[in-house]
Amino acid sequence: MPLSSRGHHRRCLREIIQTYDSILVRAYCRVRFLVININILDILALCIRGKRRILDIGCGFGLFGCYLARIYPEIHYSGYDLNALRIEAARAAARRLGLSNVEFHCSNAMELRPQGEFDAILMVDLLHHLCDADKQQLINRCSSLLSPGGHLVIKDVTTRPFYKIVFTWVLDVAMTHSFDMWYRDESQFAELLSPSVGRVETFPISDWLPYPHIVYLCEKSVPGAP
Numbered sequence: 025m026p027l028s029s030r031g032h033h034r035r036c037l038r039e040i041i042q043t044y045d046s047i048l049v050r051a052y053c054r055v056r057f058l059v060i061n062i063n064i065l066d067i068l069a070l071c072i073r074g075k076r077r078i079l080d081i082g083c084g085f086g087l088f089g090c091y092l093a094r095i096y097p098e099i100h101y102s103g104y105d106l107n108a109l110r111i112e113a114a115r116a117a118a119r120r121l122g123l124s125n126v127e128f129h130c131s132n133a134m135e136l137r138p139q140g141e142f143d144a145i146l147m148v149d150l151l152h153h154l155c156d157a158d159k160q161q162l163i164n165r166c167s168s169l170l171s172p173g174g175h176l177v178i179k180d181v182t183t184r185p186f187y188k189i190v191f192t193w194v195l196d197v198a199m200t201h202s203f204d205m206w207y208r209d210e211s212q213f214a215e216l217l218s219p220s221v222g223r224v225e226t227f228p229i230s231d232w233l234p235y236p237h238i239v240y241l242c243e244k245s246v247p248g249a250p
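Quick note, the working numbering runs 24 ahead of the 1-based positions in the sequence shown.
In C-alpha cells:
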C-alpha cells in the first residue's frame with residue numbers, strides 16, 4: 025500500500041476511535057488497533073477484495089466493520105456480537121461516521137440467523153475461545169452462509185513460538201476472566217476447516233508484538249469446478 029494510502033487509513037482509524045464516548049472504550053480501541061495493526065488490516069482487506077456482502081462474527085465495538093465500510097464504500101458489512109453494549113456502541117459509531125453500508129446485530133455466534141448468502145465471512149480472534157466441537161459447528165454454519173467461491177477469513181493465533189502463546193494466554197485470561205481457551209496449530213485448524221470450506225491457505229504474520237498472529241483464507245468450492 026502506498027505511504028499516502030497508509031496515512032489516509034491511519035487517519036480513518038483515529039477518527040473511528042474518537043467516535044466512542046467512553047474513555048475506556050477509546051483506550052481499548054487504541055490497543056486493539058495496535059495489536060491488529062495496519063499490516064494485518066491490509067491482509068484482511070486483500071482476503072475480501074472483490075467481495076461485496078461481508079459478515080463479521082464477533083465484531084465487538086465495530087472497529088473493523090467501521091474501518092472496512094469507510095475505506096471500501098462498495099461493500100455491505102453486517103457485524104454480529106453477543107454483547108449488547110458493544111453493539112450499541114458500534115451502531116452509535118457508525119451513525120457518527122455517516123456510514124450507510126454497515127449494520128450491527130446482537131446475537132450469539134452459535135445462533136446466527138442472517139438473511140441470504142455472503143461473499144466473505146470474517147472471524148477475528150474468536151475461534152480460540154470455542155471448544156473444538158463448537159468451532160466445527162460454527163465453521164459448518166459459516167460454510168452454509170457462504171456463496172460459491174466465497175471466502176471465510178479467520179484471524180487467530182497459532183501455538184508457536186511458545187513464549188508468544190504464553191503471553192497471549194495470560195492476556196486472554198486477564199481480558200475474559202476465564203481459563204477456557206483452545207489454541208490450535210495450523211495443521212489442527214486445517215483439519216477443522218478443510219471438510220467444510222475446501223481450499224485453505226495460511227498466512228503467519230510476524231511483527232514486533234508478542235502475538236503469534238495467523239490468517240486463514242478459506243475458499244468455498246464452486247459446484248462443478250475441477
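Glycine included, each C-beta is placed from N, C-alpha and C at the ideal position. Computed from a predicted structure; not experimentally measured.
Beta carbon of L170 nearer than 9 Å to that of I145: Yes, the pair counts as a contact, with Cβ atoms nearer than the cut-off.
Separation of L87 from R38, as counted between CA atoms: Just so you know, the alpha carbons of R38 and L87 end up roughly 11 Å apart.
Residues of its chain near F97, where Cβ-Cβ distance is below 7 Å and the 5 sequence neighbours each way are ignored: Phe is not the amino acid found at residue 97; the sequence shown has Pro there. Excluding positions up to five away in sequence, the list reads N125.
Short Cβ contact (9 Å threshold) for K75 with P172: With respect to the 9 Å criterion, K75 and P172 are not classified as neighbours on the basis of their beta carbons.
Cβ neighbours of V246 in the same chain (closer than 6 Å, five flanking residues each side left out): When the five nearest sequence neighbours on each side are left out, the beta carbons in the same chain lying within less than 6 Å of the beta carbon of V246 are those of P172 and G173, in order along the chain.
L27 versus A118 - alpha carbon distance: Confidence is the limiting factor: at L27 the pLDDT is only 42, short of 50, which leaves the residue's position unreliable, though a coordinate-based value still follows. Put simply, the backbone Cα of L27 is about 26 Å away from that of A118.
N- and C-terminal bounds of the beta strand (DSSP E) containing F191: Not the beta strand (DSSP E): F191 falls in the alpha helix (DSSP H), residues F186 to T200.
Residues bridged to Y101 [DSSP beta-bridge criterion]: DSSP, once it has assigned bridges, lists I78 and V126 as partnering Y101.
Bridge-paired residues (DSSP) for A144: Beta-bridge partners assigned by DSSP to A144: I78 and H175.
Candidates L121, I41, Q212 and G31: closest to C155 by CA position: Checking every option, the nearest Cα to that of C155 belongs to Q212.
Pair within 9 Å by beta-carbon distance, Y52 and I78: Result no, Cβ atoms of Y52 and I78 do not sit closer than 9 Å.
Buried or exposed (CB count within 10 angstroms, at least 16 for buried), A133: Classification for A133: buried.
Nearest-angstrom beta carbon gap, E215 and L241 [assumed within contact, 8 Å]: Contact between L241 and E215 does not hold, since their C-beta atoms are separated by about 16 Å, which reaches or exceeds 8 Å.
Proximity to R120 [Cα-Cα], best of Q139, H129, R94 and S131: A check of alpha carbon separations from R120 across Q139, H129, R94 and S131 identifies R94 as the nearest.
Length at least 4, wholly inside the stretch 44-90: the alpha helix (DSSP H) runs in chain order: Complete alpha helix (DSSP H) runs here, min 4: 47-59 and 62-71.
G103 vs C71 beta-carbon contact at 9 Å: Not closer than 9 Å, so no.
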